[in-house]
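Enquirer: Structure below; questions to follow.
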């Protein structure tokens, strides 16, 4: 089983749509969670951290369900500029002290 | 500009050749990482370092070596290049292992082994 699993997509949505991405992780000892954005042929960049209480940053809302080992990202009012790959990322504090990346979910927002 | 600098940006190697991918950061971060990303895949950890003089293997270390003689530099060495090492390599750094500020990535090195 992969440590971090995501639906690869692509998700093709019209501008203005609301889209949600899901992610599951296998290590229950994981303590930090993130969403990164990666544009084509570019390096990943931090979009937002994910907190247990859920958090919002403008049009983006992230939620964490520790019991189900599940993370989500909701994007409201999609823009063309949101087209990218969204990576679910988990930090495991036991063993390797490094982030583990999911394979990403590709989003294409269409005019 | 502060950040992580990787060189070269592109490289084509012949099978069996060796090379060093350079990575330098000027943020005084203790933690540094090397990841590889194959097409359509996520990033896989090759090696990481928690400070000068300390390195450890990640998920896919075979065929690679690293050193960390200074806080700033974390070079990745390929000794005998193989086609399976064709990938995009990203170096990253962070101030701590679980930093909520996340990682700062370099712009990547695109390596092709033929």
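Protein chains in written order, with our numbering: chain A, 263 to 373; chain B, 857 to 970. Ideal placement from N, C-alpha and C gives every residue a C-beta, glycine not left out.
Just to confirm the assignment, what range does the beta strand (DSSP E) spanning residue 292 of chain A have?
Expert: 292 to 300
Enquirer: Say whether chain A places a C-beta atom closer than 9 Å to the C-beta of residue 963 of chain B.
Expert: Yes, because at least one Cβ of chain A sits closer than 9 Å to the Cβ of residue 963 of chain B.
Enquirer: Using 9 Å as the threshold, is the C-beta distance between residue 295 of chain A and residue 368 of chain A below it?
Expert: no
Enquirer: In angstroms with no decimal places, state the Cα-to-Cα distance between residue 335 of chain A and residue 289 of chain A.
Expert: 19 Å
Enquirer: For the beta strand (DSSP E) holding residue 913 of chain B, just list the boundary residues, first then last.
Expert: Element bounds for residue 913 of chain B: 910 to 913.
Enquirer: Please classify residue 939 of chain B: does DSSP put it in a helix, a strand, or coil?
Expert: helix
Enquirer: Flag residue 365 of chain A as yes if its beta-carbon sits less than 9 Å from any beta-carbon of chain B, otherwise no.
Expert: Residue-level contact by beta carbon holds for residue 365 of chain A and chain B, with a gap shorter than 9 Å.
Enquirer: Helix, strand or coil for residue 929 of chain B? Go by DSSP, reduced to three states.
Expert: Looking at residue 929 of chain B - three-state DSSP - the assignment turns out to be strand.
Enquirer: Tell me which same chain residues have a C-beta within less than 8 Å of the C-beta of residue 904 of chain B, skipping the five on either side of it?
Expert: 887, 888, 889, 890, 911, 912 and 914
Enquirer: What residues from chain A crowd round residue 930 of chain B, counting only those whose CB sits closer than 7 Å?
Expert: Near residue 930 of chain B there are no residues of chain A at all, since even the closest Cβ is about 13 Å away, more than 7 Å.
Enquirer: Would you kindly check if the distance between the Cβ of residue 360 of chain A and the Cβ of residue 901 of chain B is under 9 Å?
Expert: yes
Enquirer: Which word fits residue 364 of chain A, buried or exposed, when buried means at least 16 other C-beta atoms lie within 10 angstroms of its C-beta?
Expert: In the assembly as shown, residue 364 of chain A is a buried residue. Its beta-carbon has 16 or more other beta-carbons within 10 Å.
Enquirer: Using DSSP bridges, identify the partner residues of residue 305 of chain A.
Expert: According to DSSP, which records beta bridges pairwise, residue 305 of chain A is partnered with nothing at all.
Enquirer: Within 10 Å of its beta-carbon, does residue 328 of chain A have 16 or more other beta-carbons around it, so buried, or fewer, so exposed?
Expert: exposed
Enquirer: Could you say which of A:303, A:343, A:345 and A:314 lies nearest to residue 332 of chain A if we only look at CA atoms?
Expert: A:314
Enquirer: Taking the C-alpha atoms as reference points, what is the distance between residue 942 of chain B and residue 929 of chain B?
Expert: Our two residues, residue 942 of chain B and residue 929 of chain B, have alpha carbons roughly 23 Å apart in a direct line.
Enquirer: Give the single residue among B:871, B:869 and B:925 whose Cα lies nearest to the Cα of residue 879 of chain B.
Expert: Check the Cα spacing between residue 879 of chain B and each of B:871, B:869 and B:925: the tightest is with B:925.
Enquirer: Please compile the residues from chain B whose C-beta is within a distance smaller than 8 Å of the C-beta of residue 296 of chain A.
Expert: 958
Enquirer: Residues of chain B with CB closer than 8 Å to the CB of residue 318 of chain A, please, in chain order.
Expert: Chain-ordered listing is empty here: chain B has no CB closer than 8 Å to the CB of residue 318 of chain A, the nearest sitting near 16 Å.
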